[in-house]
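J.: Following the working numbering, the numbering of the sequence shown begins with 255 at its first residue and continues without gaps.
Positions of the beta carbon are idealized from the N, C-alpha and C atoms, including for glycine.
After the structure tokens below, expect a handful of questions from me.
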Amino acid sequence: MTPTMQSTCIERIVEYAARWRRNSRRCIVLLSAAVVLALQVVVVGPAWAQAPGSPQLADSSAPNTNTEPPNPETNTNTETNADASTLSIADSETVPASRSQAWYQGVSAERQARARELYRQAVTLHQELRFVEAIARYELALRDWEHPNIRFALARAVLKTGRALDAWQHLQQVWQWGPDALVGQNRELAHELQQTLLREHLAEVEVRCDQFGVEIELNGKPLVRGPGVGRRVVEPGEHVLSASKDGYSSLVRTILALASKRVEVEVQLSPDLIDKHPRWSPWKPWAVAGAGAVIGLVGVGLRLDGVRRVDEAVDSISAECADVCDRRSSRDYDRAKLRSDVGLGTIIAGSAVMATGLALVLLNRPRATRSEDRSRAPFEMTPIITPSVSRDGAGVSLQIRF
């Protein structure tokens with residue numbers, strides 16, 4: 255018998271004796287059995303230790319470098335009582351070779367060994383209920399080797415931290431390898447876990463659309479393109495559903511998903527009607543432009559008449575006074591000059607009015623406007639009255655949802 259085996263036997267005897275020290279009768283029986291076991295080890299120890307398939311004891315006082323790390327394909331069966339109902343990292347059955355080739359392909363032996371070591375560390379942390387650290391180890395192992403059993407173990411650890419939707423998504427990645435990705439007990443546990451998530455933690459949204467080419471999104475992520483049915487598992491709460499298609503009114507709606515419930519929504523978009531109509535009645539801009547033209551013509555007439563009269567007044571003054579009289583002192587000249595200036599101002603005003611009218615004609619061209627989006631849900635306010643009763647009293651809560 256090797257020193258390592260002797261040391262392990264002694265430690266086991268001390269541990270069992272301490273556990274049952276309150277019951278003397280059991281202690282006596284245990285010590286007797288331990289002595290018999292020790293004698294058997296001394297007599298047949300070497301042959302037993304070398305027997306094929308037999309477990310080997312390791313020295314707990316020093317690390318054992320010859321022990322193989324846990325293999326994701328085999329069951330460690332080292333669950334703790336605190337987590338025995340939720341921790342079964344792998345299954346004792348071997349994954350069929352036809353399926354194992356898929357996740358073995360392209361993964362070197364070095365990466366597999368590194369993933370196994372990280373997986374072994376994660377299993378230990380998982381059993382010690384140190385879920386956050388275990389999750390980090392699982393994720394590192396998956397970077398080296400995308401193995402369905404490691405992914406399944408990660409899903410169960412993630413669920414322990416309250417991230418139900420993340421756990422569901424990890425399970426979906428497991429089944430991407432096919433229905434035989436997990437076998438035996440692990441397969442049963444995975445299906446049971448999925449049912450538990452849908453029954454207690456998550457909700458399901460189902461959207462149906464019979465129109466061709468409608469793009470439907472849920473929370474900003476593509477869900478389905480019509481015609482078809484899209485389903486997605488979501489966390490309980492409010493979610494934004496949007497649908498769009500060229501030539502149709504867009505749809506944006508808020509839906510409320512409750513845990514363990516399925517929300518069914520049917521999307522039907524209405525045609526996006528385009529109305530073409532001017533801003534004003536067509537005659538109004540033209541009337542303004544015409545009025546400006548009339549005013550301008552009146553101004554031209556006044557200007558021409560004023561210029562003619564100014565010339566006549568100048569000629570009259572020149573004939574009577576030669577160069578001695580000042581033409582600006584003549585009353586006829588002043589009236590003619592005023593008439594000419596008024597005509598010029600009228601021309602400017604008429605031109606401005608006519609330009610304004612022409613601008614209004616351009617602005618009054620028919621424009622395309624979108625009709626009201628009739629596919630949107632009408633605005634509603636729904637009061638919800640919830641009575642509550644406790645040992646200390648009773649009350650009523652009022653909630654308004656819109």
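1. Since residue 492 is in the beta strand (DSSP E), which residue starts that stretch and which ends it?
2. At what residue ranges does the segment 384–463 contain a whole run of the beta strand (DSSP E), taking only runs of 3 or more?
3. Quick one: what's got a C-beta closer than 6 Å to residue 532's C-beta in the same chain, skipping five residues either side?
4. Going by other Cβ atoms of all chains shown within 10 Å of its Cβ, with 16 needed for buried, is residue 541 buried or exposed?
5. Is it buried or exposed for residue 445, if we count other Cβ within 10 angstroms and need 16 for buried?
6. I need the DSSP call for residue 619, collapsed to helix, strand or coil.
7. Beta-carbon separation of residue 495 and residue 519 under 8 Å?
8. Out of 419, 560, 612, 402, which has the shortest C-alpha to C-alpha gap to residue 433?
9. Counting Cβ pairs closer than 8 Å, one from the segment 589–603 and one from the segment 547–554, do we hit at least three?
10. Starting from the C-beta of residue 431, find all residues in its chain whose C-beta is less than 8 Å away, skip the five residues before and the five after it, and write them out in chain order.
11. Between 447, 397, 380, 564, which has its C-alpha nearest residue 366's C-alpha?
12. Along the beta strand (DSSP E) that carries residue 523, what are the first and last residues, could you check?
13. For residue 532, name the three-state secondary structure that DSSP assigns.
14. One question on the structure: do residue 419 and residue 447 come within less than 8 Å of each other, judged by their Cβ atoms?
15. Exposed or buried, what is residue 503 when buried is set at 16 or more other beta-carbons lying within 10 Å of its beta-carbon?
16. Compute the Euclidean distance between the alpha carbons of residue 538 and residue 474, then round it to the nearest angstrom.
17. So for residue 514, helix, strand or coil by DSSP?
18. Check for me: the alpha helix (DSSP H) holding residue 364 runs from which residue to which?
19. Is residue 374 buried or exposed, if buried means 16 or more other CB atoms sit within 10 Å of its CB?
20. Given this structure, state the Cα-to-Cα distance separating residue 435 from residue 404, to the nearest angstrom.
21. With distances taken from CA atoms, which of 613, 559, 593, 499 is nearest residue 536?
22. For residue 391, count the other beta carbons within 10 Å of its own beta carbon; 16 or more makes it buried, fewer makes it exposed. Which is it?
23. Measuring alpha carbon to alpha carbon, tell me which of 449, 363, 371, 461 ends up nearest residue 421.
24. Can the beta-carbon of residue 457 be found less than 8 Å from the beta-carbon of residue 517?
25. Tell me the DSSP secondary structure of residue 482 in three-state form.
26. Closer than 7 Å by C-beta to residue 222: which residues in its own chain qualify, once you throw out the five before and the five after it? Chain order, please.
27. Cβ atoms of residue 488 and residue 459: under 8 Å apart, would you say?
28. Looking only at C-alpha atoms, which of 400, 371, 414 sits nearest to residue 389?
29. Here's the rule: buried if 16 or more other CB atoms are within 10 angstroms of the residue's CB, otherwise exposed. What is residue 412?
30. By how many angstroms is the C-alpha of residue 493 removed from the C-alpha of residue 376?
31. Pull up the distance between the alpha-carbon of residue 511 and that of residue 615, whole angstroms please.
32. Using only CA atoms, which one of 534, 499, 585 lies nearest to residue 526?
33. Suppose you measure from the CA of residue 558 to the CA of residue 596; what does that come to, to the nearest Å?
34. For residue 410, count the other beta carbons within 10 Å of its own beta carbon; 16 or more makes it buried, fewer makes it exposed. Which is it?
35. Taking all protein chains shown into account, do 16 or more other C-beta atoms lie within 10 angstroms of the C-beta of residue 399, making it buried, or fewer, making it exposed?
T.: So, from the listed chains and residues:
1. Numbered from its first residue, the sequence shown carries residue 492 at position 238. For residue 492, the uninterrupted beta strand (DSSP E) segment begins and ends at 491–498.
2. Segments of the beta strand (DSSP E) lying fully in the segment 384–463: 457–463.
3. Start at 1 with the first residue of the sequence shown, and residue 532 comes out as number 278. Only 618, 620 meet the Cβ criterion.
4. Taking the first residue of the sequence shown as 1, we reach residue 541 at position 287. Using a 10 angstroms sphere on the CB of residue 541, the tally of other CB atoms stays under 16, which defines it as exposed.
5. Looking up residue 445 in the sequence shown gives position 191. Counting other Cβ atoms within 10 Å of its Cβ, residue 445 stays below 16 and is therefore classed as exposed.
6. Numbered from 1 along the sequence shown, position 365 holds the residue referred to as residue 619. Three-state DSSP puts residue 619 in coil, outside helix and strand.
7. Numbered from its first residue, the sequence shown carries residue 495 at position 241. Numbered from its first residue, the sequence shown carries residue 519 at position 265. Between residue 495 and residue 519, the gap from beta carbon to beta carbon is short of 8 Å.
8. Taking the first residue of the sequence shown as 1, we reach residue 433 at position 179. Per the Cα distances, 402.
9. Output reads yes: the segment 547–554 touches the segment 589–603.
10. Counting from 1 along the sequence shown, the entry for residue 431 is found at position 177. Closer than 8 Å at the Cβ level, and outside the excluded window around residue 431, lie 353, 356, 357, 402.
11. In the sequence shown, residue 366 corresponds to position 112, counting from 1. When only C-alpha atoms are compared, the closest one is 397.
12. By 1-based counting over the sequence shown, the position of residue 523 is 269. Element bounds for residue 523: n/a, residue is neither H nor E.
13. To locate residue 532, count along the sequence shown from 1; it is residue 278. Correct three-state label for residue 532: coil.
14. For the purposes of this step, residue 419 is taken as the residue at position 165 of the sequence shown. For the purposes of this step, residue 447 is taken as the residue at position 193 of the sequence shown. In this structure, the beta-carbon distance from residue 419 to residue 447 does not fall below 8 Å.
15. Looking up residue 503 in the sequence shown gives position 249. Residue environment: residue 503 is assigned as buried (16 or more neighbouring CB atoms within 10 Å of its CB, all protein chains considered).
16. For the purposes of this step, residue 538 is identified with residue 284 of the sequence shown, where counting begins at 1. For the purposes of this step, residue 474 is identified with residue 220 of the sequence shown, where counting begins at 1. Near 48 Å, if we compare the C-alpha coordinates of residue 474 and residue 538.
17. The residue given as residue 514 occupies position 260 in the sequence shown. Residue state for residue 514 is assigned as coil, using DSSP reduced to three classes.
18. Along the sequence shown, read from residue 1 onward, the residue named residue 364 stands at position 110. Unbroken alpha helix (DSSP H) run through residue 364: 363–381.
19. Numbered from 1 along the sequence shown, position 120 holds the residue referred to as residue 374. Residue environment for residue 374: buried (at least 16 other C-beta atoms within 10 angstroms of its C-beta).
20. Your numbering for residue 435 matches position 181 in the sequence shown. Your numbering for residue 404 matches position 150 in the sequence shown. For residue 435 and residue 404, the distance between alpha carbons rounds to 11 Å.
21. The residue labelled residue 536 in the question sits at position 282 within the sequence shown. Cα-wise, what sits closest to residue 536 is 613.
22. Position 137 of the sequence shown, counted from the first residue, corresponds to residue 391. Residue 391 should be labelled buried.
23. Indexing the sequence shown from 1 puts residue 421 at position 167. It is 449 whose Cα lies nearest to the Cα of residue 421.
24. Counting from 1 along the sequence shown, the entry for residue 457 is found at position 203. Counting from 1 along the sequence shown, the entry for residue 517 is found at position 263. Yes.
25. The residue labelled residue 482 in the question sits at position 228 within the sequence shown. In this structure, residue 482 counts as strand in the three-state DSSP scheme.
26. Coverage of the chain is limited to positions 255 through 656, which leaves residue 222 absent and any answer about it impossible.
27. Working through the sequence shown from its first residue, we reach residue 459 at position 205. Working through the sequence shown from its first residue, we reach residue 488 at position 234. Contact: yes.
28. Along the sequence shown, one-based indexing puts residue 389 at 135. Answer by Cα proximity: 414.
29. One-based indexing of the sequence shown puts residue 412 at position 158. Using a 10 angstroms sphere on the CB of residue 412, the tally of other CB atoms reaches 16 or more, which defines it as buried.
30. In the sequence shown, residue 376 corresponds to position 122, counting from 1. In the sequence shown, residue 493 corresponds to position 239, counting from 1. Rounded to whole angstroms, residue 376 and residue 493 show a C-alpha spacing of 35 Å.
31. Numbered from its first residue, the sequence shown carries residue 511 at position 257. Numbered from its first residue, the sequence shown carries residue 615 at position 361. Here the alpha carbons of residue 615 and residue 511 stand approximately 54 Å from one another.
32. Here residue 526 refers to the residue found at position 272 when the sequence shown is read from its first residue. When the alpha-carbon of residue 526 is set against those of 534, 499, 585, the nearest one is in 499.
33. By 1-based counting over the sequence shown, the position of residue 558 is 304. By 1-based counting over the sequence shown, the position of residue 596 is 342. Cα to Cα, residue 558 sits roughly 11 Å from residue 596.
34. One-based indexing of the sequence shown puts residue 410 at position 156. With 16 or more Cβ atoms within 10 Å of its Cβ, residue 410 is classed as buried.
35. Stepping through the sequence shown from its first residue, residue 399 is reached at position 145. Burial is judged here by how many other beta carbons sit within 10 angstroms of a residue's own beta carbon; residue 399 has at least 16 and is buried.
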